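The C-terminal position of the sequence shown is numbered 557 in UniProt numbering, with every residue numbered one higher than the one before it.
All residues carry an ideal CB built from backbone N, CA and C; glycine is no exception.
Treat the numbers as computed from the prediction; the structure is a model and nothing was measured.
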Amino acid sequence: MTNWWYDRRQALQQQQQQQQQTLKVVRTLYTDDPVPDPEPFGESSDPLVTLYKGTYEANAPSEDRSTVVIGDTWLFAGVWDGHGGTHAAEFCQKTLFENVLEGIRQAQPPSTPSSNGAAATAHKQVTAALAAAFTQTDRDYFQYAREINHPAVFFAGTCAIACHVDLSAKQLVCANLGDSRAVMGQYDGNNNKLKTIALSVDHSADNLMEQTRIRAEHPDDDDVLVDMGDHADDPDWRVKRIAAFTRSIGDLHLKEKNTSALFNSYVPPEQRILPRPGLKSKKTGITKPKYISTEPELQTVAIPERGFVIIACDGVWDEMTSEEAVQCVAWLLDKYSNQDQYHDIAALFIEQVLKRAVRRIAETYEEEEHLTLAELKARPCGKAHESHRALLHDDITVVIIQFGEHKPVKQYGGSLFNMLQNDAQPPSAHPNDEERSKMSRTKNKREMAVRTSIMDFWTDQIDQLQADAERQAVDRQILQMMNAFEDMSAQALKTLFVALDIDGNGTLDREEIARLIDQVMGMGHVSPEVLDLAFSEMDADGSGDVDFDEFIQFFGH
Numbered sequence: 001m002t003n004w005w006y007d008r009r010q011a012l013q014q015q016q017q018q019q020q021q022t023l024k025v026v027r028t029l030y031t032d033d034p035v036p037d038p039e040p041f042g043e044s045s046d047p048l049v050t051l052y053k054g055t056y057e058a059n060a061p062s063e064d065r066s067t068v069v070i071g072d073t074w075l076f077a078g079v080w081d082g083h084g085g086t087h088a089a090e091f092c093q094k095t096l097f098e099n100v101l102e103g104i105r106q107a108q109p110p111s112t113p114s115s116n117g118a119a120a121t122a123h124k125q126v127t128a129a130l131a132a133a134f135t136q137t138d139r140d141y142f143q144y145a146r147e148i149n150h151p152a153v154f155f156a157g158t159c160a161i162a163c164h165v166d167l168s169a170k171q172l173v174c175a176n177l178g179d180s181r182a183v184m185g186q187y188d189g190n191n192n193k194l195k196t197i198a199l200s201v202d203h204s205a206d207n208l209m210e211q212t213r214i215r216a217e218h219p220d221d222d223d224v225l226v227d228m229g230d231h232a233d234d235p236d237w238r239v240k241r242i243a244a245f246t247r248s249i250g251d252l253h254l255k256e257k258n259t260s261a262l263f264n265s266y267v268p269p270e271q272r273i274l275p276r277p278g279l280k281s282k283k284t285g286i287t288k289p290k291y292i293s294t295e296p297e298l299q300t301v302a303i304p305e306r307g308f309v310i311i312a313c314d315g316v317w318d319e320m321t322s323e324e325a326v327q328c329v330a331w332l333l334d335k336y337s338n339q340d341q342y343h344d345i346a347a348l349f350i351e352q353v354l355k356r357a358v359r360r361i362a363e364t365y366e367e368e369e370h371l372t373l374a375e376l377k378a379r380p381c382g383k384a385h386e387s388h389r390a391l392l393h394d395d396i397t398v399v400i401i402q403f404g405e406h407k408p409v410k411q412y413g414g415s416l417f418n419m420l421q422n423d424a425q426p427p428s429a430h431p432n433d434e435e436r437s438k439m440s441r442t443k444n445k446r447e448m449a450v451r452t453s454i455m456d457f458w459t460d461q462i463d464q465l466q467a468d469a470e471r472q473a474v475d476r477q478i479l480q481m482m483n484a485f486e487d488m489s490a491q492a493l494k495t496l497f498v499a500l501d502i503d504g505n506g507t508l509d510r511e512e513i514a515r516l517i518d519q520v521m522g523m524g525h526v527s528p529e530v531l532d533l534a535f536s537e538m539d540a541d542g543s544g545d546v547d548f549d550e551f552i553q554f555f556g557h
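What follows is the structure in structure tokens.
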């Protein structure tokens, strides 16, 4: 296999350098990079823009990543909420914006005349490029995973959300996959009242609209959506008993048939992904769609003269509703933004999220009823013990973009102001049914963490299995087998199939498949377990024989 991803990455970086001359990229900030100046565009920008960003880990290491790119008249901010490891989120941190730039480059003519509609045209190009970049990044991740050729990379994934702020067009466009979220707090110019505007939709398995879409795409699949909850009033919906999200980048085992086969080799029969995505049904002739979508949803809004945007992973939304988060940021800005000393509003906001988490934990677990914020912060990261942070709350990452100068408002609904002053007070905002369901599940964080958003069986034992030398050899054999004929045409595969069909009955039995692996692929060292797996995955209908349709599907056509 040629190093496809390396060649593409080099080309993207060269194109990015060329495109930056047009877009005037000033600075790029990744997860741990501090904001160099609270006003990235200076005091002359219209409106004035102030940037805050922060992250707090629960996992060891944190699976969250973020990207902020500052231009001369624009800003790009993305949060990548990884799961199953850091691979996919790390990939998005560096790659997704490169794909946005590539999309803009392809859309722009060699020279664009200046006109009154130039800003609007440029904004449309950015919107189209942003939408395409999400899907392209997922394709790129698949190729990257094949280059790395390790199960952990294939199985990792990330929810993704990004906003592009165009100060020239006075427009903000938000795109998302998964259950990270962006909301806007906007002040009404007439009465200074604060309102909350949703910029994204949670793509979670308990979202009724997403359930309707998935069931329509998989009409004959009874377990495409399964409630894994223990009680009817506390549902925990999963896609194929695995994913709590419905759209993502990565998670290739839920999108691609060969990765599904690799995934199935790790798990007992009752936990396998069947039918595998990408396989054609003999009954209907229809190819099985992906279980997890890569199609982002987009929303465009006008930039307010005064207000702010919160872009955050679900570690925030596990603890707060959108309205609560908006009012919390407004309260923090009221309290700190007009002081001479600079205060990091993102860090202060994360502190408030953690206070909410402490209150939830103390109310949920009897042994934690006296938990304090200081004690929670002192706990180790990870899931090695039930008292460790990842079994109590999620990683938290947030980017806050403030528009205009903040003027004290102190007009909050209900008792939020008192709640923030006194953490013993109950929250004021009333969550809707969808938010109430999600926050109810968060109460049982330990159970949810054991049954993670990737796979409920992913334990230390599985991690040890991946690290085992013999298992690594098995993985290499499986991946080598699946990629053996990727450049062979369908007609050539037909000729090979006929040559292997010694008895001429139009199907291949286990002995004939063994001959294929040994004599044609030259893999005589393959273990009996790998041979059994290969045959069972080829024999998609379980008939005991492999016909040509099953044969050609297994090898990528």
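Residue i in three-state terms, based on DSSP
{"i": "leucine 279", "result": "coil"}
{"i": "tyrosine 52", "result": "strand"}
{"i": "glutamate 297", "result": "strand"}
{"i": "tyrosine 144", "result": "helix"}
{"i": "glycine 522", "result": "coil"}
{"i": "threonine 459", "result": "The predicted model places threonine 459 with a pLDDT of 45, which falls under 50 and marks its position as unreliable; any figure quoted below should be read in that light. In the structure shown, threonine 459 sits in coil (DSSP, three-state: anything other than H, G, I, E or B)."}
{"i": "residue 559", "result": "Residue coverage of the chain in this structure runs from 1 to 557, which leaves residue 559 outside it and unanswerable."}
{"i": "leucine 376", "result": "helix"}
{"i": "threonine 364", "result": "helix"}
{"i": "isoleucine 513", "result": "helix"}
{"i": "glutamine 477", "result": "helix"}
{"i": "residue 558", "result": "Because the chain here runs from 1 to 557, residue 558 falls outside it and cannot be looked at."}
{"i": "isoleucine 502", "result": "coil"}
{"i": "phenylalanine 245", "result": "strand"}
{"i": "glycine 71", "result": "strand"}
{"i": "aspartate 32", "result": "coil"}
{"i": "leucine 130", "result": "helix"}
{"i": "alanine 484", "result": "coil"}
{"i": "arginine 272", "result": "coil"}
{"i": "threonine 287", "result": "strand"}
{"i": "leucine 252", "result": "helix"}
{"i": "valine 329", "result": "helix"}
{"i": "alanine 540", "result": "coil"}
{"i": "leucine 354", "result": "helix"}
{"i": "leucine 101", "result": "helix"}
Other residues of its chain near residue i: CB distance less than 7 Å, five sequence neighbours each side excluded
{"i": "leucine 500", "result": "Leu508, Glu512, Arg515, Leu516"}
{"i": "residue 558", "result": "An answer regarding residue 558 cannot be provided, because it is not within the stretch 1 to 557 covered by the chain."}
{"i": "isoleucine 350", "result": "Gly54, Tyr56, Ile396, Val398"}
{"i": "alanine 133", "result": "Leu96, Asn99, Val100, Gly103"}
{"i": "proline 296", "result": "Ala131, Phe134, Ala175, Asn176, Leu177"}
{"i": "residue 560", "result": "A question about residue 560 goes unanswered here, because the residues of the chain that appear run from 1 up to 557."}
{"i": "phenylalanine 142", "result": "Leu252, Glu256"}
Proximal residues to residue i (C-beta, below 6 Å), its chain only, five neighbours per side dropped
{"i": "histidine 87", "result": "Val153, Ala156"}
{"i": "serine 114", "result": "Model confidence at serine 114 stands at a pLDDT of 47, short of 50, so the residue's coordinates are unreliable and nothing is read from them."}
{"i": "leucine 479", "result": "Asn149"}
{"i": "phenylalanine 497", "result": "Phe548, Phe551"}
{"i": "isoleucine 361", "result": "Glu368, Leu371, Leu392"}
{"i": "histidine 406", "result": "Leu333, Ser337"}
{"i": "alanine 129", "result": "Val100, Gly103, Ile104"}
{"i": "proline 304", "result": "Gln186, Phe403"}
{"i": "aspartate 251", "result": "Gly157, Ile292"}
{"i": "aspartate 166", "result": "Trp74, His123"}
{"i": "methionine 482", "result": "Asn258"}
Same chain, Cβ closer than 8 Å to residue i, five either side skipped, listed in chain order
{"i": "aspartate 539", "result": "Asp545, Val546, Glu550"}
{"i": "glutamine 553", "result": "Lys257, Gly278, Leu279, Lys280, Ala540"}
{"i": "histidine 388", "result": "Arg379, Pro380, Cys381, Gly382"}
Residues that residue i bridges to, as DSSP identifies them
{"i": "aspartate 179", "result": "Aspartate 179 pairs with nothing; no bridge assigned."}
{"i": "alanine 160", "result": "Trp80, Leu177"}
{"i": "glycine 307", "result": "Gln186, Phe403"}
{"i": "residue 613", "result": "In the structure as shown, the chain starts at 1 and stops at 557, and residue 613 therefore has no counterpart that could be examined."}
{"i": "isoleucine 396", "result": "Tyr56"}
{"i": "glutamine 171", "result": "Asp166, Ala302"}
{"i": "alanine 390", "result": "Answer is none; alanine 390 lacks a bridge partner."}
{"i": "arginine 65", "result": "Trp80"}
Would you be able to state if there are at least three C-beta pairs under 8 Å between the segment 215-229 and the segment 522-533? no
Pair every Cβ in the segment 308-324 with every Cβ in the segment 387-401, then say whether three or more of these pairs are closer than 8 Å. yes
Taking 8 Å as the threshold, find out whether the segment 253-272 comes into contact with the segment 182-190 through three or more Cβ pairs. no
Fully enclosed by the segment 184-241, which beta strand (DSSP E) runs are 3 residues long or longer? 194-198, 225-227, 237-239
Does the segment 95-108 come within contact of the segment 53-66, defined as at least 3 CB pairs closer than 8 Å? no
Just checking, does the segment 68-79 make contact with the segment 368-380 on the three C-beta pairs under 8 Å criterion? no
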